[in-house]
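Below you'll find the structure, written out as structure tokens, and then a few comments.
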Amino acid sequence: MKKALFVSDMSCQHCVGRIKKALDEAGLSGYEILPDSREVLLEESSAKKAADALASAGYPSVAR
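Heads up: the sequence shown runs through residues 1080 to 1143, numbered per the working numbering.
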């Protein structure tokens, strides 16, 4: 099942690149970054790991 993480500080393509890098470095795959809605879609089982990686990169998120 897919889970959405809302990343309020995602405002530009630079942010998207940093978020992608953080998720990749955390070993995550199969996610989708949606800059227009400021969300990251990923498997629910990866949500905690992704949220931790995003917070470490300076992009706190909220599960939706």
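Glycine included, C-beta positions come from ideal geometry on N, C-alpha and C. Just so we're clear, the structure is a prediction, and the values are computed from it rather than from any experiment.
Pairwise C-alpha distance: residue j and residue i
i, j, result
"Gly1181", "Met1080", "It is not possible to answer for residue 1181, since the shown part of the chain is limited to 1080 through 1143."
"Val1119", "Tyr1110", "7 Å"
"Ser1124", "Ala1142", "12 Å"
"Ala1129", "Ala1105", "7 Å"
"Cys1091", "Asp1115", "9 Å"
Close-in-space but distant-in-sequence residues of the same chain around residue i (CB under 8 Å, 5 per side omitted)
i, result
"Ala1136", "Arg1097, Ile1098, Lys1100 and Ala1101"
"Leu1113", "Val1119 and Leu1120"
Environment of residue i [buried if 16+ CB atoms lie within 10 Å]
i, result
"Lys1127", "exposed"
"Ser1140", "buried"
"Ala1132", "buried"
Three-state class that DSSP yields for residue i in the structure shown
i, result
"Val1141", "strand"
Q: Kindly provide the ranges of any beta strand (DSSP E) runs that are 3 or more residues long and lie completely inside the segment 1113–1139, ordered along the chain.
A: Inside the segment 1113–1139, DSSP marks whole beta strand (DSSP E) runs of 3 or more residues at positions 1118–1122, from first to last along the chain.
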